[in-house]
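Trainee: Mind looking over this structure? Questions follow.
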């Protein structure tokens, strides 16, 4: 599996089959990643998502990408690290739910944000570590995924994710 960590706009990943939306339970347009994805996908995405709302924390659902350059959007709901004592477990479940959908739908390329680090206030180091662990597990077990790009907003976040990937034995694409 080719793994990249890039400072990039997740809604502009034209070479990826799918993107992951760090979603709220109502799967509605919000700020940050959800705002960027919904804004680029157009109003059809939010209308389509209504049938799945509310989506439980730790779950993920696949929808069409509509006006995005990607065929699919995987909406994953983490939990608030402000008031949810099991937020870490829920984040792990959300990441696992994403990878299960990737495999069920035979998705080969995926752009993913630093899930939970926005309004849910997940510490970046924890999001990076959980993401790396889940990717390492699926790489070992087998996955349809051939290329993943983790899209972050700052150099500091990029470094945190690169270090977590390295610490979990995941080889990063050297082009970054």
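Numbering (this note's numbering), first residue to last: 3 to 178.
Cβ atoms here follow ideal geometry from the backbone N, Cα and C, with glycine treated the same way.
Would residue 17 pass as a contact of residue 42 if the rule is Cβ separation under 8 Å?
Mentor: Along the chain shown, read from residue 1 onward, the residue named residue 17 stands at position 15. Along the chain shown, read from residue 1 onward, the residue named residue 42 stands at position 40. No, the Cβ-Cβ distance between residue 17 and residue 42 is not below 8 Å.
Trainee: Using 8 Å as the threshold, is the region 3-14 in touch with the region 87-96, meaning 3 or more CB pairs across them?
Mentor: No, the region 3-14 does not touch the region 87-96.
Trainee: In the DSSP assignment, the beta strand (DSSP E) including residue 109 goes from what residue to what residue?
Mentor: For this step, residue 109 is matched to residue 107 along the chain shown. No beta strand (DSSP E) holds residue 109; DSSP gives it neither H nor E.
Trainee: Just to confirm before moving on: does the CB-CB distance between residue 79 and residue 27 stay below 8 Å?
Mentor: Here residue 79 refers to the residue found at position 77 of the chain shown. Here residue 27 refers to the residue found at position 25 of the chain shown. In this structure, residue 27 lies closer than 8 Å to residue 79 by Cβ.
Trainee: What are the boundary residues of the alpha helix (DSSP H) that residue 159 is part of?
Mentor: One-based indexing of the chain shown puts residue 159 at position 157. Where residue 159 is concerned, the enclosing alpha helix (DSSP H) stretches over 157-169.
Trainee: So, with DSSP's three-state summary, where would you put residue 117?
Mentor: Position 115 of the chain shown, counted from the start, is the residue given in the question as residue 117. It is coil, neither helix nor strand.
Trainee: Below 8 Å on the Cβ atoms is my guess for residue 40 versus residue 48; work out the distance and round it to an integer in Å.
Mentor: If you number the chain shown from 1, residue 40 lands on position 38. If you number the chain shown from 1, residue 48 lands on position 46. Sure, about 6 Å apart at Cβ, within 8 Å.
Trainee: Rounded to a whole number of angstroms, what is the C-alpha to C-alpha distance between residue 134 and residue 53?
Mentor: As a position in the chain shown, residue 134 is number 132, starting the count at 1. As a position in the chain shown, residue 53 is number 51, starting the count at 1. C-alpha separation (whole angstroms): 31 Å.
Trainee: Quick check on DSSP: helix, strand or coil for residue 86?
Mentor: Here the question's residue 86 lines up with position 84 in the chain shown. Coil.
Trainee: I want to know whether the region 126-133 touches the region 30-38 - three or more CB-CB distances under 8 Å.
Mentor: Segments in contact, no.
Trainee: When the Cβ atoms of the region 84-94 are set against those of the region 106-124, are three or more pairs found closer than 8 Å?
Mentor: Cβ pair count under 8 Å is three or more, so yes.
Trainee: Could you give the first and the last residue of the continuous beta strand (DSSP E) run that contains residue 20?
Mentor: By one-based count along the chain shown, residue 20 stands at place 18. From DSSP, the beta strand (DSSP E) with residue 20 extends over 20-25.
Trainee: Look up residue 9 in the DSSP assignment and give the residues it is bridged to.
Mentor: The residue given as residue 9 occupies position 7 in the chain shown. DSSP output for residue 9 lists 154 as bridge partner(s).
Trainee: Leaving aside the five residues before and after residue 59 along the sequence, list all residues of the same chain whose C-beta is less than 6 Å from its C-beta, in chain order.
Mentor: In the chain shown, the residue the question calls residue 59 occupies position 57. Around residue 59: 79, 81 and 92.
Trainee: Provide the residue span of the alpha helix (DSSP H) that contains residue 172, from first to last.
Mentor: Locating residue 172 in the chain shown gives position 170, where the first residue counts as 1. Looking at the DSSP string, residue 172 is not in any alpha helix (DSSP H), and its letter there is neither H nor E.
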